[in-house]
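Residue numbers (my numbering), protein chains in the order written: chain Y, 815 to 972; chain Z, 815 to 972.
Worksheet: one structure, shown below.
Number of protein chains: 2
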Amino acid sequence: MSWVVLFTLQRSNFMLKIYFAGSIRGGREQIDIYQKMITHLKTFGQVLTEHVGEANLTDKGEKGLDDSSIYQRDIDWLKSSDMVVAEVSSPSLGVGFEIAKAIEFHKQVFCFYRKKPDQKLSAMIAGCPDVEVFEYDDFEDFIYQINSIIKDSITNLK
Amino acid sequence: MSWVVLFTLQRSNFMLKIYFAGSIRGGREQIDIYQKMITHLKTFGQVLTEHVGEANLTDKGEKGLDDSSIYQRDIDWLKSSDMVVAEVSSPSLGVGFEIAKAIEFHKQVFCFYRKKPDQKLSAMIAGCPDVEVFEYDDFEDFIYQINSIIKDSITNLK
């Protein structure tokens with residue numbers, strides 16, 4: 815891939831709207847990598863669900879919003895997004911639900927899975943023809959893969 | 815509710831096709847209750863996903879079927895089902911995905927959640943207007959609630 819093209823896109827006026835999906839109430843074990851991923855994704859535009867990476871957001875969920883309001887806000891964000899990036903290394907009802915909804919809304923869905931020896935990704939994600947699953951080793955590996963994906967997506971969207 | 819009506823329905827020729835959703839690769843902590851729920855649901859007809867309650871099905875998933883085949887079989891079962899009963903006490907990408915797909919296929923979705931003091935159900939399920947969430951204390955409580963639900967559903971479907 816051309817890093818010059820990517821650098822130019824990062825600094826152009828084109829702002830991607832990215833829906834980042836990560837576990838909240840399912841468990842916050844992956845919070846460190848969510849934070850890093852969101853910070854990197856923000857170099858390409860707006861991450862609608864930036865709060866997913868906030869350290870003070872616990873597995874008790876958001877304060878000040880009831881479940882119906884959270885649901886409707888997230889569905890509206892999903893509909894308005896240009897793409898969905900989902901971290902799928904942790905089991906999560908919400909992330910699974912969001913991935914299926916994103917497919918229904920005809921969004922591009924990119925799932926990132928950090929392989930563990932004692933764990934297998936759900937067949938409903940790994941076997942789904944409507945999403946792309948990328949295994950990654952660490953944050954550097956994620957950066958390498960997502961940069962390539964976003965370069966291609968921006969080219970298609972422009 | 816009339817238990818005579820329910821007893822009559824259980825022994826009539828009307829066979830419900832029920833899609834039971836429970837965590838597999840997300841974790842098998844709830845296997846005992848899955849087994850009991852499925853055994854009870856079978857008194858009303860066919861549980862398409864009976865394997866979810868099998869003790870020898872571990873979190874490594876099914877043997878002998880690749881992920882694409884599992885996905886397509888489960889989507890076909892979802893489409894052909896009369897209703898979906900989902901146990902949502904454990905985080906699970908697959909269960910979250912199946913619930914959203916079931917809504918897309920215009921199925922009735924009944925989610926059963928065993929409340930724990932240190933856990934909250936995902937807002938994408940708890941706040942979704944297209945599913946019904948029932949909290950339950952134990953298996954006896956599940957039986958009481960599901961019998962009432964199925965009696966009403968059979969009456970509507972007949």
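The beta carbon of each residue, even a glycine, is placed where N, CA and C say it ideally should be.
Per DSSP, the continuous alpha helix (DSSP H) segment holding K893 (chain Y) begins and ends at 881-894. Taken through DSSP and simplified to helix, strand or coil, F956 (chain Z) comes out as helix. In terms of Cα proximity to F953 (chain Z), the closest of Z:L871, Z:I847, Z:S837, Z:G875 is Z:I847. With respect to the 8 Å criterion, V902 (chain Y) and F919 (chain Y) are not classified as neighbours on the basis of their beta carbons. Taking C-beta atoms as the reference points, S837 (chain Z) and S906 (chain Z) count as a pair closer than 8 Å. Between the C-alpha atoms of E843 (chain Z) and S904 (chain Z) there is a straight-line separation of about 8 Å. For I939 (chain Z), the chain Y residues whose Cβ falls inside 9 Å of its Cβ are D881, Y885, L907, G908, F911, in order along the chain. At a C-beta separation below 7 Å, V902 (chain Z) has these neighbours in chain Y: L907. Contact check for V866 (chain Z) and F834 (chain Z): beta-carbon distance about 6 Å, within the 8 Å limit, so the pair qualifies. Taking 8 Å as the cut-off, the beta carbon of K921 (chain Z) is found no closer than this to the beta carbon of A914 (chain Y). Under the Cβ distance rule, K850 (chain Z) does not count among the residues neighbouring chain Y, no pair being separated by less than 8 Å.
Using a Cβ-Cβ cut-off of 8 Å, D890 (chain Y) does not count as an interface residue toward chain Z, since no Cβ of chain Z sits closer than that to its own. Of all residues in the segment 926-951 of chain Y, those with a C-beta nearer than 8 Å to a C-beta of chain Z are Q933, K934, L935, S936, A937, M938, I939, A940, G941, C942, P943, reading in chain order. Taking the CA atoms as reference points, D955 (chain Y) sits about 39 Å from V947 (chain Z).
Only residues of its own chain outside the window of five on either side were considered, and among them E876 have a CB closer than 7 Å to the CB of I884 (chain Z), listed in chain order. Contacts with chain Y (Cβ-Cβ distance below 9 Å) from the segment 828-845 of chain Z involve S837, I838, R839, G840, G841, listed in chain order. In this structure G840 (chain Z) is buried. Its beta-carbon is surrounded by 16 or more other beta-carbon atoms within 10 angstroms. Runs of the beta strand (DSSP E) lying entirely within the segment 825-864 of chain Y and spanning at least 3 residues, in chain order: 830-835, 859-861. Judged by DSSP secondary structure, F911 (chain Y) falls within the alpha helix (DSSP H) whose first and last residues are 907-918. Nearest to E868 (chain Z) by C-alpha distance, out of Z:S882, Z:T853, Z:G859, Z:L879, is Z:T853. DSSP places V945 (chain Y) in the coil class of the three-state scheme, outside both helix and strand.
Bounds of the alpha helix (DSSP H) holding A940 (chain Z) are 937-940. Using a Cβ-Cβ cut-off of 9 Å, A869 (chain Z) is close to nothing in chain Y; its nearest Cβ partner there is about 18 Å away. Around the beta carbon of M829 (chain Z), fewer than 16 other beta carbons sit within 10 angstroms, so the residue counts as exposed. Using a CB distance cut-off of 8 Å, G878 (chain Y) does not count as an interface residue toward chain Z. The alpha-carbon separation between Q849 (chain Y) and Y958 (chain Z) amounts to approximately 44 Å.
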